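Below you'll find the structure, written out as C-alpha coordinates, and then a few comments.
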Amino acid sequence: MSLQVIYVTRHGFRSGWSVDPLTGVYTAAIRSPTGIPADPALTSHGVSQAKEMGKHLMTLDPPIDAVYSSPYYRCLQTITPFVELKQQQLKDDPRIQHGSATATICPEHGLGEFFGAAPFDHPIPASHKRLKELFPAYNDSYVSAIKPSRKGETIEDLYGRVAAAVQAIIERCDAEGKRAVVLCTHAAVVIALGRVLTGRIPEAVEEEDFHAFTCGLSTYRRHQRGTGTDTGTGTDTQMPSFGKFVL
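Take -8 as the starting number for the sequence shown in the working numbering and just add one per residue.
Structural data, given as C-alpha coordinates:
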(Lines of atoms letter the chains of each structure in order from A and count residues from 1; the text may use other names and numbers.)
(Lines give C-alpha, C1' and ligand atoms only; values in the text may rest on other atoms or scores of the structure.)
Protein backbone atom coordinates (compact mmCIF):
# COMPACT_ATOMS: atom_id res chain seq x y z
CA MET A 1 0.00 0.00 0.00
CA SER A 2 1.31 3.46 -0.88
CA LEU A 3 0.45 6.94 0.28
CA GLN A 4 -2.73 8.17 -1.39
CA VAL A 5 -3.72 11.36 0.43
CA ILE A 6 -1.86 14.26 2.05
CA TYR A 7 -3.88 16.53 4.33
CA VAL A 8 -2.26 19.94 4.91
CA THR A 9 -3.24 22.36 7.65
CA ARG A 10 -1.90 25.60 9.03
CA HIS A 11 -1.57 26.30 12.75
CA GLY A 12 -4.33 28.16 14.59
CA PHE A 13 -4.44 31.88 15.36
CA ARG A 14 -1.33 32.86 17.35
CA SER A 15 0.11 35.81 19.22
CA GLY A 16 2.70 37.92 17.38
CA TRP A 17 6.33 38.98 17.49
CA SER A 18 8.59 41.58 15.87
CA VAL A 19 12.16 41.66 14.63
CA ASP A 20 14.65 44.50 14.22
CA PRO A 21 15.81 44.09 10.60
CA LEU A 22 19.15 45.72 11.40
CA THR A 23 20.13 43.67 14.44
CA GLY A 24 18.07 40.50 13.99
CA VAL A 25 16.76 40.76 17.55
CA TYR A 26 13.32 39.19 17.95
CA THR A 27 10.89 40.39 20.63
CA ALA A 28 7.37 39.48 21.72
CA ALA A 29 4.90 41.10 24.11
CA ILE A 30 3.71 37.71 25.36
CA ARG A 31 6.34 35.25 26.52
CA SER A 32 6.41 31.97 24.62
CA PRO A 33 6.27 28.67 26.58
CA THR A 34 9.62 27.83 24.96
CA GLY A 35 11.15 31.24 25.75
CA ILE A 36 11.73 31.91 22.04
CA PRO A 37 10.06 35.19 20.90
CA ALA A 38 9.35 33.89 17.38
CA ASP A 39 7.80 30.71 18.80
CA PRO A 40 4.47 31.94 20.23
CA ALA A 41 1.58 29.92 21.57
CA LEU A 42 -1.93 30.01 20.16
CA THR A 43 -4.39 32.60 21.40
CA SER A 44 -7.62 31.42 23.05
CA HIS A 45 -9.27 31.65 19.62
CA GLY A 46 -6.48 29.55 18.14
CA VAL A 47 -6.93 26.92 20.86
CA SER A 48 -10.64 26.72 20.01
CA GLN A 49 -9.78 26.40 16.32
CA ALA A 50 -7.37 23.55 17.06
CA LYS A 51 -9.94 21.64 19.09
CA GLU A 52 -12.56 22.03 16.36
CA MET A 53 -10.11 20.91 13.69
CA GLY A 54 -9.04 17.92 15.79
CA LYS A 55 -12.62 16.68 15.82
CA HIS A 56 -12.92 17.21 12.07
CA LEU A 57 -9.69 15.32 11.35
CA MET A 58 -11.16 12.29 13.13
CA THR A 59 -13.91 12.12 10.48
CA LEU A 60 -11.71 12.08 7.37
CA ASP A 61 -11.70 9.27 4.83
CA PRO A 62 -9.25 7.76 4.36
CA PRO A 63 -8.37 8.10 8.04
CA ILE A 64 -5.06 9.67 8.99
CA ASP A 65 -2.28 7.13 9.50
CA ALA A 66 0.61 9.44 10.45
CA VAL A 67 1.20 12.96 11.76
CA TYR A 68 4.03 15.30 10.75
CA SER A 69 4.40 18.81 12.09
CA SER A 70 6.66 21.80 12.11
CA PRO A 71 8.52 21.71 15.45
CA TYR A 72 7.40 25.23 16.35
CA TYR A 73 5.16 25.42 19.39
CA ARG A 74 2.09 26.80 17.61
CA CYS A 75 2.02 23.90 15.15
CA LEU A 76 2.55 21.22 17.79
CA GLN A 77 -0.14 22.87 19.91
CA THR A 78 -2.52 22.92 16.93
CA ILE A 79 -2.21 19.23 16.03
CA THR A 80 -2.19 17.94 19.63
CA PRO A 81 -6.01 17.88 20.10
CA PHE A 82 -6.31 15.48 17.16
CA VAL A 83 -3.48 13.29 18.44
CA GLU A 84 -5.11 13.14 21.88
CA LEU A 85 -8.44 12.13 20.32
CA LYS A 86 -6.67 9.41 18.35
CA GLN A 87 -4.87 8.20 21.48
CA GLN A 88 -8.20 7.94 23.28
CA GLN A 89 -9.73 6.06 20.35
CA LEU A 90 -6.87 3.56 20.39
CA LYS A 91 -7.19 3.19 24.15
CA ASP A 92 -10.94 2.57 23.93
CA ASP A 93 -10.58 0.04 21.11
CA PRO A 94 -7.12 -1.60 20.93
CA ARG A 95 -8.29 -3.60 17.89
CA ILE A 96 -8.01 -0.49 15.75
CA GLN A 97 -4.84 -0.86 13.74
CA HIS A 98 -5.00 1.90 11.16
CA GLY A 99 -3.69 5.23 12.33
CA SER A 100 -1.74 3.91 15.31
CA ALA A 101 1.18 6.15 14.29
CA THR A 102 -1.10 9.13 14.85
CA ALA A 103 -0.52 8.64 18.57
CA THR A 104 2.80 10.45 18.03
CA ILE A 105 3.91 13.61 16.23
CA CYS A 106 6.91 13.47 13.88
CA PRO A 107 8.66 16.88 14.15
CA GLU A 108 9.88 17.72 10.64
CA HIS A 109 12.08 20.82 10.37
CA GLY A 110 11.44 20.81 6.63
CA LEU A 111 7.90 21.97 7.48
CA GLY A 112 9.23 24.80 9.67
CA GLU A 113 8.62 28.53 9.42
CA PHE A 114 9.88 30.55 6.45
CA PHE A 115 12.29 33.36 7.30
CA GLY A 116 13.63 35.57 4.51
CA ALA A 117 17.35 35.65 3.69
CA ALA A 118 19.23 37.89 6.13
CA PRO A 119 22.77 38.61 7.36
CA PHE A 120 21.86 37.41 10.86
CA ASP A 121 20.74 34.09 12.33
CA HIS A 122 17.01 33.47 12.58
CA PRO A 123 15.45 31.58 15.51
CA ILE A 124 15.14 27.80 15.57
CA PRO A 125 12.63 25.62 17.44
CA ALA A 126 13.20 24.53 21.02
CA SER A 127 15.21 21.40 21.81
CA HIS A 128 13.84 17.87 21.55
CA LYS A 129 14.04 17.61 25.33
CA ARG A 130 12.00 20.76 25.95
CA LEU A 131 9.36 19.94 23.34
CA LYS A 132 8.98 16.40 24.68
CA GLU A 133 8.30 17.93 28.10
CA LEU A 134 5.65 20.22 26.63
CA PHE A 135 4.09 17.68 24.25
CA PRO A 136 4.21 14.04 25.44
CA ALA A 137 3.22 12.82 21.95
CA TYR A 138 6.33 14.46 20.45
CA ASN A 139 8.50 11.79 18.81
CA ASP A 140 11.97 12.79 19.98
CA SER A 141 13.61 9.92 18.09
CA TYR A 142 12.45 11.21 14.70
CA VAL A 143 15.21 12.65 12.48
CA SER A 144 14.21 15.48 10.14
CA ALA A 145 14.85 15.08 6.43
CA ILE A 146 16.12 18.66 6.08
CA LYS A 147 16.61 21.84 8.09
CA PRO A 148 16.27 25.43 6.82
CA SER A 149 19.32 27.69 6.81
CA ARG A 150 19.76 29.83 9.94
CA LYS A 151 20.38 32.77 7.59
CA GLY A 152 16.93 32.43 6.03
CA GLU A 153 15.81 31.49 2.54
CA THR A 154 14.92 32.84 -0.86
CA ILE A 155 11.63 31.71 -2.41
CA GLU A 156 13.54 29.18 -4.51
CA ASP A 157 15.21 27.91 -1.34
CA LEU A 158 11.77 27.51 0.22
CA TYR A 159 10.49 25.47 -2.72
CA GLY A 160 13.59 23.27 -2.61
CA ARG A 161 13.35 22.72 1.13
CA VAL A 162 9.64 21.90 1.03
CA ALA A 163 10.10 19.55 -1.94
CA ALA A 164 12.88 17.66 -0.14
CA ALA A 165 10.85 17.39 3.05
CA VAL A 166 7.63 16.19 1.44
CA GLN A 167 9.52 13.76 -0.80
CA ALA A 168 11.10 12.20 2.30
CA ILE A 169 7.71 12.03 4.03
CA ILE A 170 6.11 10.36 1.00
CA GLU A 171 8.94 7.82 0.75
CA ARG A 172 8.64 7.00 4.44
CA CYS A 173 4.85 6.68 4.29
CA ASP A 174 5.13 4.44 1.21
CA ALA A 175 7.64 2.22 3.00
CA GLU A 176 5.46 2.03 6.12
CA GLY A 177 2.25 1.36 4.21
CA LYS A 178 0.50 4.58 5.24
CA ARG A 179 -2.46 5.64 3.12
CA ALA A 180 -3.04 9.13 4.53
CA VAL A 181 -0.88 11.65 6.38
CA VAL A 182 -1.52 15.08 7.89
CA LEU A 183 1.08 17.87 7.80
CA CYS A 184 0.74 20.82 10.19
CA THR A 185 2.79 23.82 9.17
CA HIS A 186 2.94 27.57 8.46
CA ALA A 187 1.34 29.87 5.87
CA ALA A 188 4.27 30.13 3.44
CA VAL A 189 4.86 26.38 3.62
CA VAL A 190 1.16 25.62 3.06
CA ILE A 191 1.35 27.60 -0.19
CA ALA A 192 4.71 26.10 -1.20
CA LEU A 193 3.40 22.58 -0.54
CA GLY A 194 0.43 23.20 -2.81
CA ARG A 195 2.69 24.39 -5.60
CA VAL A 196 5.26 21.64 -5.17
CA LEU A 197 2.75 18.79 -4.87
CA THR A 198 0.75 19.85 -7.92
CA GLY A 199 3.70 21.11 -9.94
CA ARG A 200 1.94 24.42 -10.51
CA ILE A 201 4.59 27.06 -9.82
CA PRO A 202 3.41 30.55 -10.86
CA GLU A 203 5.75 33.05 -12.46
CA ALA A 204 4.67 35.67 -9.92
CA VAL A 205 5.32 34.43 -6.39
CA GLU A 206 2.55 36.68 -5.03
CA GLU A 207 -0.13 35.00 -7.17
CA GLU A 208 -3.08 33.93 -5.02
CA ASP A 209 -3.43 30.24 -5.79
CA PHE A 210 -3.25 28.11 -2.63
CA HIS A 211 -4.76 29.65 0.48
CA ALA A 212 -3.42 29.34 4.03
CA PHE A 213 -6.19 30.09 6.51
CA THR A 214 -5.56 29.40 10.20
CA CYS A 215 -6.61 25.78 10.83
CA GLY A 216 -7.71 25.55 7.20
CA LEU A 217 -7.46 22.12 5.59
CA SER A 218 -6.34 21.18 2.07
CA THR A 219 -6.54 17.64 0.68
CA TYR A 220 -4.15 16.39 -2.02
CA ARG A 221 -4.84 13.06 -3.72
CA ARG A 222 -2.17 11.14 -5.55
CA HIS A 223 -2.23 10.63 -9.30
CA GLN A 224 -0.83 7.49 -10.81
CA ARG A 225 2.77 7.96 -11.89
CA GLY A 226 3.06 9.79 -15.16
CA THR A 227 -0.54 11.01 -15.37
CA GLY A 228 -0.02 14.46 -13.87
CA THR A 229 0.08 17.56 -16.04
CA ASP A 230 1.24 21.06 -15.35
CA THR A 231 -1.66 23.50 -15.42
CA GLY A 232 0.23 26.43 -13.93
CA THR A 233 1.76 29.41 -15.65
CA GLY A 234 5.33 28.82 -14.60
CA THR A 235 7.92 26.08 -14.24
CA ASP A 236 6.78 22.51 -13.57
CA THR A 237 8.39 21.41 -10.30
CA GLN A 238 8.91 17.65 -10.41
CA MET A 239 8.56 15.25 -7.50
CA PRO A 240 11.12 12.57 -8.44
CA SER A 241 9.71 9.01 -8.59
CA PHE A 242 6.21 10.12 -7.60
CA GLY A 243 2.99 10.82 -9.43
CA LYS A 244 1.64 14.33 -9.00
CA PHE A 245 -0.88 15.18 -6.32
CA VAL A 246 -4.06 17.10 -7.09
CA LEU A 247 -6.02 19.39 -4.81
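Glycine residues also receive a C-beta, built at the ideal position from the N, C-alpha and C atoms. Small disclaimer: the values here were computed from a predicted structure and weren't measured.
Classification of residue i by the beta-carbon crowding that lies within 10 angstroms, buried from 16 upward
i    : result
R22  : exposed
L13  : exposed
H202 : exposed
S61  : buried
A154 : buried
T50  : exposed
A20  : exposed
Cutoff 7 Å; reference residue i; Cβ partners in own chain excluding five residues on either side
i    : result
Q68  : A32, L33 and A41
Y63  : D30, G103, E104 and P116
A183 : L149, Y150 and V153
Y133 : C97 and P98
Distance CB(residue i)-CB(residue j) smaller than 8 Å
i    : j     : result
S9   : T0    : no
P114 : D11   : no
A156 : L102  : yes
L174 : Y59   : yes
S140 : E99   : no
H177 : H2    : yes
R212 : V(-4) : yes
R5   : G45   : no
T210 : Y(-2) : yes
D200 : G185  : yes
K239 : D131  : Nothing about residue 239 can be reported from this structure: the residues present for the chain run from -8 to 238 only.
For residue i, the residue or residues it bridges with in DSSP
i    : result
T18  : S9
V172 : I(-3) and A57
I96  : Y129
G107 : E144
T205 : T205 is not bridged to any residue.
L33  : R5
T189 : Answer by DSSP bridge pairing: none, since T189 is not bridged.
Own chain partners of residue i with C-beta closer than 6 Å, once the 5 adjacent residues on each side are dropped
i    : result
D165 : S(-7) and L(-6)
I27  : P114
Own chain partners of residue i with C-beta closer than 8 Å, once the 5 adjacent residues on each side are dropped
i    : result
H244 : Outside the shown range of the chain, which is -8 to 238, sits residue 244, and nothing can be said about it.
A179 : E104, F105, L149 and A203
G15  : A109, P110, F111, D112 and H113
G7   : A19, A20 and P31
R121 : T25
R65  : H2, G3, R5, D30, P31, A32, L33 and G37
V196 : I146
Would you call the segment 61 to 79 and the segment 93 to 109 in contact, with 3 or more CB pairs under 8 Å?
yes
Can we say the segment 105 to 116 touches the segment 135 to 147, given the rule of at least three CB pairs closer than 8 Å?
yes
Could you say if the segment 112 to 130 and the segment 154 to 168 meet the contact criterion of at least three C-beta pairs nearer than 8 Å?
no
Given 8 Å as the limit, is there contact between the segment 167 to 176 and the segment 51 to 68, that is, 3 or more CB pairs closer than that?
yes
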